[in-house]
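By numbering that gives the first Met the number 0, the letter at position 88 of the sequence shown is numbered 87, and the numbering carries on one by one without gaps.
Every residue gets a Cβ at the ideal spot worked out from N, C-alpha and C, and that includes glycine.
This structure is a prediction, so every number in the text was calculated from the model and none was measured.
Following: one structure in structure tokens, then a few remarks.
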Amino acid sequence: MTIPTYWKELAGNVGRRLHYGKVMVTVLGASDTGKTTLSFYLAKELLSVCGRVSIVSADMGQGAFGPPATVSMALLESVPKSIDEISTHSMYFVGSTSPVGHFLQTLTGVKKLVDRASGEGAEAIIIDTTGLVSGGAAWELKFHKIVLTDTRCIVALERERELEEILLPYKDRAEYQLYRLPVSEDAKVRSAAQRREHRRLRYRSYFSGATSKSFPLHSVCLISPYNEAVRDTEGRLYNRLLVGLNDGGNYTVSLGVIEGIDPARGEIHMLTPLKTPGDVRLIRLGSVKIEEDWNDVRIRSV
Ligand SMILES: Nc1ncnc2c1ncn2[C@@H]1O[C@H](COP(=O)(O)OP(=O)(O)O)[C@@H](O)[C@H]1O
Ligand SMILES: [Mg+2]
């Protein structure tokens, strides 16, 4: 990893802010601009000046940790050797690998994870976002994410001036610290096929220890009444559908892949790595199906 001097300066500045209290950093940028690499670097540097740092991976497509279709939170107290060694503390099921059509789920998840990180004593929270930066919808998503999380420190990675409009609310405003940084020459662009393969490997690894389990439908709620799959009365769309298994506080304790629903016995069968099905209070249906080879296929979102 190449560490430009302006990354070091950024870490120094953010570190000094910690003297005044908790720091919330949101990292913005188009795809493959180095957001995740910078978030990890910043987390490592901040751990030298405080005891607990959180990274909230708000990227449900190409997140650094946590399975796809979720937003995930990590709590770090010591420096992990690499990004791959970061383990997930909590997650929230979004149900899709893109925020498009799932803005509410994304924002709710990020807010819940930030709150939990804060409750767990994280002194610095770094929000690593998706690369969706063009158009009005992207603008609104970024704006509201920053409002909801009360982010005051914004790090923008730009190739040219592509974040100009997104950054308008924070420019020359005393309430915000805005850092506009160039993209490292070492940032590598991934093709659509590489992104797909990245997701495939993450699903495969997430479900590697999974077994088939049955959940009695009376003890959980299958909640997503407007999901496309629900309208398929023959149940074919349910098959291989990715679902989020939520606890009573609606944090997602695990993901599952539906293997079948047996209305006569009142059971839902699914593949899941979850060891304690008793924690599940609610099952949320996603908008992707996971094929046998772990490739995902989007179904029409709600
Ligand atoms: N400063 C850097 N030095 C070396 N490699 C980098 C650097 N920044 C990004 N990369 C590489 O570029 C690719 C994209 O970076 P990543 O941080 O995943 O971008 P993003 O999160 O914005 O999509 C990754 O393979 C990453 O290792
Ligand atoms: Mg990333």
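The alpha helix (DSSP H) spanning residue i covers which residue range?
i	result
Q176	No alpha helix (DSSP H) contains Q176, which is instead part of the beta strand (DSSP E) from Q176 to P181.
E139	G135 to T148
N12	T4 to R16
G204	Here the sequence assigns Ser to residue 204, which means Gly is not the residue at that position. First-last of the alpha helix (DSSP H) with S204: A191 to Y205.
E163	E163 to L166
Determine the contact status of residue i and residue j, defining contact as a CB-CB distance below 8 Å.
i	j	result
L254	G243	yes
V302	A29	Any property of residue 302 remains undetermined from this structure, which presents the chain solely from 0 to 301.
T105	M59	yes
A116	V55	yes
A123	V26	no
I257	L281	no
V93	T148	no
S95	H101	yes
I260	F214	no
G65	M90	yes
V219	A121	no
S223	L177	no
C152	V70	no
Y205	I289	no
T32	L156	yes
V287	A68	yes
Can you check DSSP and say which residues form a bridge with residue i?
i	result
I260	I267
D127	V26 and S56
A73	I54
P215	E266
S253	L244
I82	BP columns for I82 are empty, so no partner.
V48	Paired residue(s): none; V48 is not in a bridge.
I298	The partner list for I298 (beta bridge, DSSP) is empty, contrary to what the question assumes.
R283	G243
T210	T271
L221	I282
State the CB to CB distance for the pair residue i and residue j, rounded to an integer number of angstroms; the pair is presumed to be in contact (CB under 8 Å).
i	j	result
L46	S77	7 Å
I165	K141	5 Å
T35	A57	In fact, because the Cβ distance is near 11 Å, the residues do not count as touching under 8 Å.
E119	L74	6 Å
H197	G265	With 8 Å as the limit, H197 and G265 do not qualify as a contact, their Cβ atoms being about 38 Å apart.
I125	E227	Not confirmed; about 35 Å, so no contact.
N294	R199	5 Å
N249	V279	That belief does not hold up - the Cβ atoms of N249 and V279 are roughly 11 Å apart, past 8 Å.
G14	V48	4 Å
First and last residue of the beta strand (DSSP E) that includes residue i?
i	result
V99	No beta strand (DSSP E) holds V99; DSSP gives it neither H nor E.
E290	Unbroken run through E290: none, as it is neither H nor E.
F39	Careful: F39 lies outside any beta strand (DSSP E), inside the alpha helix (DSSP H) at K34 to L45.
M0	Unbroken run through M0: none, as it is neither H nor E.
A155	C152 to E157
F92	S89 to F92
Practice prompt. Would you check if the segment 167-183 and the segment 0-14 touch, i.e. whether three or more CB-CB distances between them fall below 8 Å?
Written response: As far as the Cβ criterion goes, the segment 0-14 touches the segment 167-183, which means the pair count is three or higher.
Discussion item. Does the segment 203-213 come into contact with the segment 261-271, if we say contact requires no fewer than three beta-carbon pairs (one atom in each stretch) closer than 8 Å?
Written reply: Yes: at least three Cβ pairs fall under 8 Å.
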